[in-house]
Amino acid sequence: MTPASTVVRAVQTPFQRVVGDFMANPVAVFGLCLLLLVVLAAIFAPVISPQNPYDLAQLDVMDSRLPPGSPAPNGGHYWLGTDDQGRDMLSAIFYGLRISLAVGVISTVCALVIGLTLGLTAAYFGGRFETLVMRVVDIQLSFPAILIALILIAVLGQGTGKVITALITVQWAYYARTVRGAALVEKRREYMEAARCLALSPARIVFRHLLPNCLPPMIVVATVQVAAAIALEATLSFLGLGLPITEPSLGLLIANGYQYLLSGKYWISFFPGIALLLTIVSINLVADQMRDVLNPRLQK
Amino acid sequence: MLVFIIRRSMQSVVVLLAMSLLVFAGVYAIGNPIDILINPQADQQEREQAIATLGLDKPLYMQYFTFLSGALHGDLGKSFVHATSALGLILERMPATMELAISAMLISVILGIPLGLLAGLKPNGFAGRSIMAGSILGFSLPTFWVGLMLIMVFAVNLHWLPSNGRGPTTMLFGLFPVSFLSWDGIKHLILPATNLALFNLALLIRLTRAGTHEALLQDYVKFARAKGLTNARVIGVHVLRNILIPIVTVIGLQFGTLIGFAIVTESVFAWPGMGKLLIDSINFLDRPVIVAYLLVIVFLFIFINLVVDILYSTLDPRVRITDSKG
Amino acid sequence: MIDSDEALTEPVLEVDGLRTHFFTKAGVVKAVDDVSFTVGRGEVLGLVGESGSGKSMTGYSLMGLIDPPGRIVDGSIILDGIALRTLTPEQQRHMRGNRIAMIFQDPMMTLNPVLRIDVQMIEAVLAHKHVTREVARARAREALVKVGIASPDERLQAYPHQFSGGMRQRVAIAIALLNRPDLIIADEPTTALDVTIQGQILYEIQKLTRETGTALIWITHDLSVVAGLADRVCVMYAGRIVEQGSCEEVLAHPAHPYTQGLLDSVPANNERGQRLKQIPGMTPSLLDLPPGCPFRERCSYADAECEVSPEMRPAGGPGQSVRCFHPLVPVHS
């Protein structure tokens, strides 16, 4: 009898498996690298920008509306041109990325916390509370996000805090619905029954036992939503109803350049648009791959 | 079937009433109705007059009834900016938005379903993969940016199409103005309609592809082929009839979303519809118009939901027949 | 000049060396591996085997319904003198549902839930015969009557979900018979039905095929079904036919150890109070077949000789053959 050769397979933690599967797809890796670039550019904006675009002392309105590649007074170049105030587009884009990402991430995280709490407790306690919460969710989700955001801005007024509030309000319902669906499935599993038998407090059961098991689909949803929140904020700013001029996001930069589009000075809108595009696409690529990797039905 | 329609209609009326209550609560109870409905530039006398006319000194429930009866008569207040009926302003602009939304829906359906079918039938071919990649771009790109790019390429660089505005209009059936009956009108319609259609197109492609992919795995497809039917019939009749049911539902519901997104497209292309009116009103703090817009939108959405429900039951025999048998 | 007797006994189907392989990322699955058999006119052939034995795939191969990543790689299928594999896809389509028809296992999913019954029956006729809709509808109605469905006009207007499981299967049988095929392949048509209905459907099919002279291949895992129904039996294992012969002979004097194992594990053949006999081990994965006889690992008669693949050899009664080096009945030289 010949002993069969045994292959020892290294035991992987789930995290290692996820990372391994993720890295196997070149498109996803590309997306991740792109995203990292974007995030790093945003974080280090003050360091890498040739000019601080909001320091009025550095601006010279004589330099306004210069096409890309024009030489700058202190020896460098305006690589992406200047806008109507004489701001270097490249710097404005870095700072704008910062604000767009910050607003997107903050609103997503807050909406996630609210949505998770409401959705989980609704699923856990059931009854009238659940019906009420889900009804509100259903009604809200039957209207397009932009509409809800606009009405909120109309009612609340403008300003950064109000924009973030609007973004949070628009997003929480989606998280609540997704997590409730996952929680309803998890509720029937044995470990939940075990936890109940141990007479643990409901808060503990919901947050220490139920929540971690509902997280994988939520991670994917949250990632996609960050991109959607950034896009929504950009849209609001473009319409003049978003962030104030003192904190110009990419949307506002694009809006600034709108009027110059017809006279051929495309760079004022175009390059911020490309930056926005790269941000959103890279997030979506990463999220798509994460969805496949975290999907238990596709695991071997 | 009739019972079903009546039942759903009654449900819709209930929802409509509930939503009107919400709008009322938002305007009269939470917001300061005086600020919202009375022109801030009115002097003290005019204000007192307006308060009396609007009944703002009466108890809340009476105000709600006044509000409701006003709504039923088509009176939702006067615009601060234009000094005409707010509802009238909105209805005036509605045909433009409808024309845009319907054109966008047509574009996305006519292109989306065949492309999605193709991607579902040949998922691993070049066509299938590029269609899917394109669809990801389609719904992740912000609508306003795509609109700007369209203007840049087609209007500024190529000079093929106009960059904004609506073309000349003619009256359709003598009822409302449409612009697609003239070539100039169509030229103005193409870019904004395509812009608006993009998101929906991407969604429909993905939906159709998923539906096709799933349908092809079903036994009834194998059975249809075992009967010796042509491929054209198997896909065109057996598969299509099955996937159309959820798709029609989505199309119906998406129509509401289109009207919402039209707000952005109308701003980018300066298209004179309800959406642009809303943005202007928010900027000018013309609150009666905002309230009127809200109510009209709510009504539209509820109506669309009702129609979709009825349509769904006519398409899916399983729902229709079990419902009527009771 | 063809002798009239010869014409009658000329087989309606001759399958020789059929191989259907699936080329997956994990490897090549030899779902059908060198299958040969014949079916005479009006004859009922039972194709018996467990899941994964390749019996359904054989049926699909005969119908030309193998999709990528699967492909018929070798062998010939001759239906009434026509070599099916040499036909163009369009010509093959003309054979399906016309000269050769199939009945599937789950009638709920084989009938399209959103199309009416008459639509699904009429299209089966119109795909092959140039007749008017009225004629096609009349034929459909006639077929429903033949399978024992009452009030056929009402039933034609109905949808599949309004029928019970047994009735849906009758409709499927009616569809199969519409164009008077030479051969019907029935892939476990009673497995999804209640036991009482099973008996009815079995009887219906038997009666109809005898009336019309249609040959029948009955695919099943259930030996007891085959016993009362089939003229001849083929036993399949791991994609190969391991034994064939007349139904009586094979069931009374099985030649292959696997067949013996199958017969032994039928509860009725066991003694009360004694442990049920089983075949030890599990069906091998078709991805990973060991060389030689695929039954080797589970067979109590296996030895070093079985490391080579056995060929089919005549053994036992007339028309019986077996693929085994240690058959349970004497081999003919």
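Residue numbers (my numbering), protein chains in the order written: chain E, 2 to 301; chain L, 125 to 450; chain Y, 660 to 992.
Every residue gets a Cβ at the ideal spot worked out from N, C-alpha and C, and that includes glycine.
Predicted model only: the values in this text are computed from it and were never measured.
Would you please state the rounded distance, in angstroms, between the beta carbons of residue i and residue j? I believe it to be under 8 Å.
i      : j      : result
Y/G898 : Y/V732 : Y/G898 to Y/V732, Cβ: 12 Å. No contact.
Y/R982 : Y/E902 : 7 Å
Y/L836 : Y/I876 : About 15 Å; that fails the 8 Å criterion.
Y/P848 : Y/I776 : Incorrect: roughly 18 Å between the Cβ atoms, too far for contact.
L/F385 : E/I147 : 6 Å
E/A174 : E/G116 : 7 Å
L/I438 : Y/R752 : Contrary to the premise, residue 438 of chain L reads as Thr rather than Ile in this sequence. L/T438 to Y/R752, Cβ: 33 Å. No contact.
May I ask you to report which of helix, strand or coil DSSP gives residue i?
i      : result
E/Y79  : strand
Y/L672 : strand
Y/Y896 : strand
E/I284 : helix
Y/K684 : coil
E/Y126 : Here residue 126 of chain E is Phe; the residue named in the question, Tyr, does not match the sequence. Helix.
Y/Q679 : For the record, residue 679 of chain Y in the displayed sequence is Thr; it is not Gln. Three-state DSSP puts Y/T679 in a strand.
L/G262 : helix
Y/D692 : strand
E/A256 : helix
L/V127 : helix
Y/E847 : coil
E/K188 : helix
Y/A760 : strand
Y/A889 : coil
L/I414 : helix
L/E216 : helix
E/Q52  : coil
If the cut is a Cβ gap below 7 Å, which residues of chain L does residue i touch?
i      : result
Y/V794 : What Y/V794 touches in chain L: nothing, since even the nearest Cβ is about 17 Å away.
E/I246 : Neighbours of E/I246 on chain L: none; closest Cβ ~14 Å, over 7 Å.
E/I152 : L418
Compare the beta carbon distance of residue i and residue j with 8 Å and say whether it is the shorter of the two.
i      : j      : result
Y/F984 : Y/P969 : yes
Y/G940 : Y/E964 : no
Y/A845 : Y/I878 : yes
E/L168 : L/I403 : no
E/L98  : E/T224 : no
L/F263 : L/A350 : no
Y/G711 : Y/T942 : yes
Listing by chain order, which chain Y residues have their CB less than 7 Å from the CB of residue i?
i      : result
L/L353 : E782 and A786
L/D404 : What L/D404 touches in chain Y: nothing, since even the nearest Cβ is about 47 Å away.
For residue i, which option in the options has the closest C-alpha, if you only look at C-alpha atoms?
i      : options                           : result
Y/S959 : Y/T918, Y/R798 and Y/N838         : Y/T918
L/I454 : L/P412, L/I237 and L/V392         : Shown here, chain L extends from 125 to 450; a query on residue 454 of chain L therefore has no answer.
L/G244 : L/P219, L/A339, L/H283 and L/F300 : L/A339
E/V171 : E/V282, E/F272 and E/I152         : E/I152
Y/Q979 : Y/E669, Y/F696, Y/H680 and Y/V674 : Y/F696
E/Q290 : E/A29, E/A25 and E/S283           : E/A29
L/F393 : L/L315, L/M222, L/M218 and L/K351 : L/L315
L/A321 : L/P266, L/A334, L/K351 and L/S306 : L/P266
Y/E749 : L/I403, L/G352, L/T373 and L/R357 : L/G352
L/S306 : L/M218, L/T294, L/F323 and L/L325 : L/T294
Y/H820 : Y/S715, Y/K936 and Y/M767         : Y/M767
E/L121 : E/A150, E/C215, E/Q260 and E/N285 : E/C215
Y/K788 : Y/N757, Y/G951, Y/A914 and Y/S810 : Y/N757
E/Y259 : E/D85, E/H78 and E/Y176           : E/D85
Just the chain Y side, please: which residues come within less than 9 Å of residue i by C-beta, in chain order?
i      : result
L/N407 : Going along chain Y, no residue has its Cβ under 9 Å from L/N407, so there is no contact; the nearest lies around 50 Å.
Using a C-beta to C-beta distance shorter than 9 Å, which residues of chain E count as neighbours of residue i?
i      : result
L/V388 : I147, T236, F239 and L240
For residue i, return the contacting residues in chain L, with the cut-off set at a CB-CB distance below 8 Å.
i      : result
E/L277 : P266 and W269
E/I281 : S264, L265 and P266
E/I206 : Those within 8 Å of E/I206 in chain L number zero; the least Cβ separation is about 34 Å.
Y/I834 : K351
Starting from residue i, find everything on chain E with Cβ-Cβ shorter than 8 Å and list it in chain order.
i      : result
L/T75  : With chain L covering only 125 through 450, there is no way to say anything about residue 75 of chain L.
L/V280 : L262, L263, G265 and Y267
So which residues on chain L does residue i lean against when the C-beta distance must stay under 9 Å?
i      : result
E/A124 : In chain order: nothing, as chain L lies at least about 25 Å away.
Y/F763 : D343, K346, F347 and A350
Just to make sure I have the definition right: I need the residues of chain Y whose C-beta is within less than 8 Å of the C-beta of residue i. Which are they?
i      : result
L/R365 : N771, V773 and L774
L/H362 : N771 and L774
Short-range partners of chain B found in the region 723-753 of chain Y, where Cβ spacing is below 8 Å: No chain B appears in the structure shown, which is made up of the protein chains E, L and Y.
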